[in-house]
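Below you'll find the structure, written out as structure tokens, and then a few comments.
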Amino acid sequence: MLATTRRMAHLMAPDGKCFIVAMDHAGFRDKPMPGLECPEETICATVRAGADAFLLTLGSARRGAQA
10 MLATTRRMAH LMAPDGKCFI VAMDHAGFRD KPMPGLECPE ETICATVRAG
60 ADAFLLTLGS ARRGAQA
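If you use the working numbering, the sequence shown corresponds to residues 10 to 76, in order.
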């Protein structure tokens, strides 16, 4: 098995689908976008809704990992 295939298998559900949420756009503005002021709350709620993976800024990832 190729390394790329093995890594992707960690993200894919048994049905072959993956729900990736992009939240990295908050790092390109002078202030947080609505709903991203507290990324840990948004991340937790989105995980409960079924997200498989996130695209985050490093700061949001650190805050979300503590939640």
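Ideal Cβ placement from N, Cα and C applies to all residues, glycine included.
Find the nearest neighbour of residue i within the set the options, judged by alpha-carbon distance.
| i | options | result |
| --- | --- | --- |
| Asp33 | Gly68, Leu64, Lys40, Thr14 | Leu64 |
| Pro41 | Ala74, Ala12, Gly68, Thr13 | Gly68 |
| Val30 | Arg15, Arg72, His19, Thr51 | Thr51 |
| Gly59 | Ala22, Pro43, Thr14, Arg15 | Ala22 |
| Cys53 | Arg16, Ala12, Gln75 | Gln75 |
Beta-carbon separation of residue i and residue j under 8 angstroms?
| i | j | result |
| --- | --- | --- |
| Glu46 | Arg72 | no |
| Cys27 | Ala70 | no |
Is the shortest distance between the beta-carbon of residue i and the beta-carbons of chain D less than 8 angstroms?
| i | result |
| --- | --- |
| Gly25 | Looking at the structure shown, chain D is missing, and only one protein chain is on hand. |
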